Structure formats: C-alpha cells, structure tokens
Amino acid sequence: MKDSLPALSSRRVRRISGAAGLLYPLLGAYLWAAAVGYKPVIIVHGLFDSSGDFKDLKRFINESHPGTNVSVIDLFDRSASLQPMWKQVEGFKEAIHPIMQNAEDGVHFICYSQGGLICRGILSTLNDHNVQSFISLSSPQAGQYGDTDYLKYLFPQFVKSNLFHLCYTLVGQRISICNYWNDPHHRDMYVDSSDYLALLNSERSNPNSTEWKKNFLKIKKLVLVGGPDDGVITPWQSSQFGFFDDNDTVVEMQHQDIYLRDVFGLKTLGARGDLIICSVPGVEHVYWHSNETVFHLCMEKWLV
Numbered sequence: 006m007k008d009s010l011p012a013l014s015s016r017r018v019r020r021i022s023g024a025a026g027l028l029y030p031l032l033g034a035y036l037w038a039a040a041v042g043y044k045p046v047i048i049v050h051g052l053f054d055s056s057g058d059f060k061d062l063k064r065f066i067n068e069s070h071p072g073t074n075v076s077v078i079d080l081f082d083r084s085a086s087l088q089p090m091w092k093q094v095e096g097f098k099e100a101i102h103p104i105m106q107n108a109e110d111g112v113h114f115i116c117y118s119q120g121g122l123i124c125r126g127i128l129s130t131l132n133d134h135n136v137q138s139f140i141s142l143s144s145p146q147a148g149q150y151g152d153t154d155y156l157k158y159l160f161p162q163f164v165k166s167n168l169f170h171l172c173y174t175l176v177g178q179r180i181s182i183c184n185y186w187n188d189p190h191h192r193d194m195y196v197d198s199s200d201y202l203a204l205l206n207s208e209r210s211n212p213n214s215t216e217w218k219k220n221f222l223k224i225k226k227l228v229l230v231g232g233p234d235d236g237v238i239t240p241w242q243s244s245q246f247g248f249f250d251d252n253d254t255v256v257e258m259q260h261q262d263i264y265l266r267d268v269f270g271l272k273t274l275g276a277r278g279d280l281i282i283c284s285v286p287g288v289e290h291v292y293w294h295s296n297e298t299v300f301h302l303c304m305e306k307w308l309v
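Encoded structure:
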C-alpha cells in the first residue's frame, strides 16, 4: 500500500514560509543574546513616577538586545517618592541587591530624574555592587534650583528664592526634593543642612567619603544624559554636574569644585575615558524614557 501525504496549497506554503521568515530572525536574535549574554538592566524611576511608566524603555531594550532581563523596580511610587532619599536608597538597595547577586557578569543601571540620585546613593554605599554602566537619565546630579511646575505643585506658597526657609530645616529634610535642593545664594545653609546631596558630594564633612568614592568608582561607565529643553531639571546642566554660581551663571562640570578636587571620582572617570556626556535638544523632561532617539543615541551601546 502506497503511503501518501496531503498536498499543501501554494497559499499555505507561502503562509508557512512567511511565518518561518519572521521566526528565524527572532530565534537567531535570542540565540545571539544567549551567546553574547546581555547583562541585566535595572531601572529606577523618578519623582511621582511608577514602574508602569517605563514600558517604552523596556520595549526599546528588548527590541535592541533580545533576551535582556529588565527589572523596573516597583517601590516608592507616586507620592511615596517624596519620602527621604536615604530611606529610598535603603529600600531600592534591598530590592536590587539580589538581582546583582544573581548576575555573575554584572548589571546596568538606568536611573531617571530623582532616581539618578538614588542610584548614586546605592553605588556609593553598597560595597559589593557590580554595576557596569550607570546611565543617569536627566537627573539633577548637582542639585535642583528652579521655579518649575513640580515646585508650584509641591510648595505653592514658595518660589525658588525662599524655599530654603523650608528645605534647610529638619522638617524640610524629610522631603526628598529638599534633600537635593541646592540654593546657590545660601550655600552655607545648603552645606550645613543637606542630609543627602552635600554628603554624596563630600561638600560636607563625611567620614565615609573615601569608602564611598572607592565604591562609586567600581562602575565601568558613567553616562550623563540631559538637554536644554528639559524644562524641569534646573539648570538643565545639573544632569551633567554643571550648576549655578552665586550670580546664577552656570558653571560647567569640569570647572566645578567637586570635579576639580575629584571628591567622589568624576575626574578619575574622565581620565579613564569612562565619563560620557550625551546632550539631546528638543526633549521635555517627562519624555526622556519614552524617546526612542534618546535610547539609540545615549543608552543602547552601553547595555551590553
């Protein structure tokens, strides 16, 4: 008895071939990811954000580097992001540490807005971190000083010139934004009162400064992303460690005291060639993590 196979119509053959044409590149990409071994990516959100706001960024990463394990940490969402910075550092650290321990070849950080300062706290105080690239995405790394919509919403009775009356008090330092409020016209009060940024920057006496610098310099790349049309980070150059002097003139990072004295490692990173500046015009603050051009220009290459 002769065996026979059902004949396939040409339309069905084309459909199968088309499906295979889509499947094979995808399969190849995942096999390539397995071979290359993309490192896990950890995303930390900013003020008033939540993990759900980063779906686009997660998709960009998975399309560019298939198979990458991307963790958007779901902590201190929305109004909870106003809690003190050190409290948030400890909470995020506890959530992130197990991911690091399971990543033999290290992890990458993408930390947005206020989250960039939280990540600096983690990198400074966690002795055994294994972060390779730290991508600071429009984060007020040198502090914040501006009459933005956020300020008007949070402190309707204040403007930037008098917010120091609240921020540089024990009560004010229980609010996250006050932990990095940097009034260039009340510099001494900032240094004496800031329980977070002034310590991270070693602008205030810090017995842990040597250890924190050593920890911070374990990163392989520091990528500072920002742009002139941000509209929230003020000055926008704070995202790249520039800041106002007492004449409200922006002094770029390379001329800042924290860089010149290399207090926590910026100058060392620059000398190593591991300090990357990525400036992109035309991007408003809330769109940095959903802008595909920003991802390809400033982040993609550092997530391998």
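So the sequence shown is residues 6 to 309, counted in our numbering. All C-beta atoms in this analysis are idealised placements derived from N, C-alpha and C, irrespective of residue type, glycine included. Source: prediction; values computed, not measured.
Query, Result
"Cβ distance (whole Å) where L142 is taken to contact Y117 below 8 angstroms", "4 angstroms"
"Burial state of T73 (16 or more Cβ within 10 Å)", "buried"
"Cβ neighbours of G236 in the same chain (closer than 8 angstroms, five flanking residues each side left out)", "T153, E289 and H290"
"Anticipated Cβ contact below 8 angstroms, G121 with T239, distance rounded", "No, G121 and T239 are not in contact; Cβ-Cβ is about 15 angstroms, not under 8 angstroms."
"Inter-residue Cα distance where the pair is Y158 and E68", "37 angstroms"
"A24 - DSSP class collapsed to helix/strand/coil", "Caution applies to A24, whose pLDDT of 43 falls short of 50 and renders its modelled position unreliable; the model cannot decide the point."
"G231, enclosing beta strand (DSSP E) - first and last residue", "K226 to G231"
"Backbone secondary structure at Y150 - three-state DSSP", "coil"
"Proximal residues to V255 (C-beta, below 8 angstroms), its chain only, five neighbours per side dropped", "P240, Q242, G247, F248 and F249"
"Counterpart residues of Y117 in DSSP-defined beta bridges", "L142"
"Three-pair Cβ contact test at 8 angstroms for the region 185-205 versus the region 105-113", "no"
"Cut-off 6 angstroms between Cβ atoms - residues of its own chain near G51, not counting five sequence neighbours on either side", "Y117, S118, Q119 and G120"
"L156 to I48 span [Cα, whole Å]", "25 angstroms"
"Straight-line gap, R209 to Q261 (C-alpha atoms, nearest Å)", "15 angstroms"
"Continuous alpha helix (DSSP H) assignments of at least 4 residues falling wholly in the region 168-210", "169-172, 192-198 and 202-205"
"Candidates L227, F97 and P71, of which the one nearest G278 by Cα", "L227"
"Beta-bridge partners of I281, as assigned by DSSP", "V228"
"Residue nearest to D110 in terms of C-alpha spacing, selected from Q88, Q137, T130 and E95", "Q137"
"Residues that V256 bridges to, as DSSP identifies them", "F248"
"I47, enclosing beta strand (DSSP E) - first and last residue", "V46 to V49"
"Candidates L62, G275, N184 and G231, of which the one nearest V94 by Cα", "N184"
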